[in-house]
Amino acid sequence: MKKVVSVILILATMMLSACSLLDEVNNSLDYVNEAKSYINSLSDFAEEAPQLIQDAAVDPEVKQDLENQLNTLVEDINEFNTIEAPAIAEDIHQDLVTKNEALIDEINTAMENGELALEKLENSEIINTVNDVTSLLDSIEKLEL
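Under mature numbering (1 follows the signal peptide of the UniProt record, and there is no 0), residues -18 to -1, 1 to 127 are what the sequence shown spells out, in order.
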């Protein structure tokens, strides 16, 4: 009887361990997908921004659109920074958060009293910082393996 109980306890422990491992894998995959989506949206902005900045200099409607995109970008950055990264991705996530904070600072510098100052945006390092963030995509994709 003791052997049967011991076997049942061992099997139950193994099943719980497997469930825990499966949860960690699922959390890692969810994080990777969310991080990839976030970085891809930053990359899209970096591709569009130079032309938008040029157009915004002559078209107030485009300038307003660019300002709205920057405000949305700050919201997205803040939301991403609050994600709880799985243990396997903690270092990469911290790198992303650090770069994101620099990006927010640069965006805030380009905004004066809530309005976009194009000359500050043109002279900012926003695009370079976005490219720094997107450079972490390879590291994030390796977490899927």
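Even for Gly, the Cβ is constructed at its ideal location relative to N, Cα and C.
Here the structure is a predicted model, which is why all the values come from computation and not from measurement.
Backbone secondary structure at residue i - three-state DSSP
{"i": "L118", "result": "coil"}
{"i": "E57", "result": "helix"}
{"i": "L125", "result": "coil"}
{"i": "residue 143", "result": "What is shown of the chain runs -18 to 127, which leaves residue 143 out entirely."}
{"i": "V44", "result": "helix"}
{"i": "L3", "result": "At L3 the pLDDT is 49, less than 50, meaning the model places this residue with poor confidence; the figure from the coordinates comes in the next sentence. If DSSP states are grouped into helix, strand and coil, L3 belongs with the helices."}
{"i": "T64", "result": "coil"}
{"i": "S106", "result": "coil"}
Residue i classed as buried or exposed, judged by whether at least 16 other C-beta atoms fall within 10 angstroms
{"i": "N15", "result": "exposed"}
Straight-line Cα distance separating residue j from residue i
{"i": "K18", "j": "V79", "result": "14 Å"}
{"i": "I108", "j": "I89", "result": "7 Å"}
{"i": "M51", "j": "L125", "result": "Met is not the amino acid found at residue 51; the sequence shown has Gln there. Rounded to whole angstroms, Q51 to L125 spans 30 Å at the Cα level."}
{"i": "V56", "j": "K(-16)", "result": "60 Å"}
{"i": "N113", "j": "L11", "result": "23 Å"}
{"i": "P32", "j": "Y13", "result": "30 Å"}
{"i": "S115", "j": "I21", "result": "Looking at the sequence shown, residue 115 is not Ser but Val. If I take the Cα positions, the gap works out to 7 Å."}
{"i": "A28", "j": "N110", "result": "9 Å"}
{"i": "N53", "j": "E123", "result": "28 Å"}
{"i": "E104", "j": "P42", "result": "16 Å"}
{"i": "S25", "j": "L98", "result": "21 Å"}
{"i": "residue 173", "j": "D87", "result": "Past the edges of the chain, shown from -18 to 127, lies residue 173, and the structure says nothing about it."}
Proximity test, Cβ basis, 8 Å: residue i and chain D
{"i": "D120", "result": "The structure shown contains no chain D; it holds only a single protein chain."}
Is the segment 87 to 94 close to the segment 63 to 74, with three or more CB pairs under 8 Å?
Counting C-beta pairs with one atom in each stretch, the segment 87 to 94 and the segment 63 to 74 have fewer than three that are closer than 8 Å, which means they do not touch.
Could you say if the segment 66 to 78 and the segment 25 to 38 meet the contact criterion of at least three C-beta pairs nearer than 8 Å?
The way I'd put it, the segment 66 to 78 doesn't touch the segment 25 to 38; fewer than three beta-carbon pairs between them come closer than 8 Å.
Report yes or no: do three or more beta-carbon pairs, one from the segment 40 to 53 and one from the segment 74 to 88, lie closer than 8 Å?
Counting Cβ pairs under 8 Å, fewer than three are found: no touch.
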